[in-house]
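Report on one structure; see the data block that follows.
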Amino acid sequence: MSLNNCVVLNLPRFTNAEGNLSFIESHVHVPFAIQRVYYLYDVPQNAQRGAHGHRDLQQILIALAGSFHVFLDDGYKKKSFILDSPSQGLYICPMIWRDLAHFSSNAVCLVLASAPYDENDYFRDKEVFYAAARGEL
Ligand code: T46
0 MSLNNCVVLN LPRFTNAEGN LSFIESHVHV PFAIQRVYYL YDVPQNAQRG
50 AHGHRDLQQI LIALAGSFHV FLDDGYKKKS FILDSPSQGL YICPMIWRDL
100 AHFSSNAVCL VLASAPYDEN DYFRDKEVFY AAARGEL
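Quick note on numbering: numbering that gives the first Met the number 0 labels position 38 of the sequence shown as 37, and the sequence is numbered without any gaps.
Right, here's the structure in full:
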């Protein structure tokens, strides 16, 4: 898996005079079965979140409100995204280090995950992550 797999997905959006509606179905609009949903909110503007990689987890990040920046690193290349639309989701494949920063004051980051929470799936040490990502472990 590499950064090339991490792309912004356009989600369905129905718009009329009463507003917008978007929806997401497993394996239809996202490439996995959604097994967990969580969200980040009331994040101070100078706070940084993430700072880890996942062994197997796949995720979709959506800016339900406001905006934030996502910095991705696969051990070889880096890429950054600004998420600011509730009708777009950033797909993050396994073995990607992610940092989230520059949250706007009203930002809500919705996350759809392919598995239940499992601390053993996390790389919390960047050097260990780099070694694993480069096949050195
Ligand atoms: C990611 C970014 C975008 C749980 O108990 N269950 C959960 O499902 C999650 C996500 C977290 N937690 C606990 C574990 C920690 O004690 O909540 C606490 C805060 O989690 P963490 O420091 O990992 O939060 P973030 O915002 O740095 O990272 C989270 C996700 O963990 C991570 O997978 O990609 O959001």
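Quick reminder that beta carbons are idealized off the backbone N, C-alpha and C, glycines included. Because the structure is a prediction, the values reported are computed rather than measured.
Quiz prompt | Of the listed residues His51, Ile81, Leu63, Pro93, nearest to Arg123 (C-alpha basis) | solution = Counting from 1 along the sequence shown, the entry for residue 123 is found at position 124. The shortest C-alpha separation from Arg123 is found at His51.
Quiz prompt | Other residues of its chain near Pro11: CB distance less than 7 Å, five sequence neighbours each side excluded | solution = Numbered from its first residue, the sequence shown carries residue 11 at position 12. Excluding sequence neighbours, Pro11 sits near Ser21, Phe22, His28.
Quiz item: At what residues does the alpha helix (DSSP H) containing Val127 begin and finish?
Solution: Residue mapping note: residue 127 aligns to position 128 of the sequence shown, counting from 1. Per DSSP, Val127 belongs to the alpha helix (DSSP H) from 125–132.
Quiz item: Which partner residues of Gly18 appear in the DSSP bridge assignment?
Solution: Looking up residue 18 in the sequence shown gives position 19. Beta-bridge pairing links Gly18 to Asn15.
Exercise. Please list, following the chain, all residues that have a C-beta closer than 5 Å to any non-hydrogen atom of the ligand T46.
Key: For the ligand T46, the residues with a Cβ under 5 Å from any of its heavy atoms are, in chain order, Tyr37, Arg48, Gly49, Tyr116.
Quiz item: By Cβ distance below 7 Å, which residues in the same chain neighbour Gln44 in space, the five residues on each side in sequence not counted?
Solution: Within the sequence shown, residue 44 is the residue found at index 45, counting from 1. So the list reads Phe102, Ser104, once near-sequence residues are dropped.
Quiz item: Does DSSP put Asn191 in a helix, in a strand, or in coil?
Solution: This structure does not reach residue 191, given that the chain is present from 0 up to 136, and the question cannot be answered.
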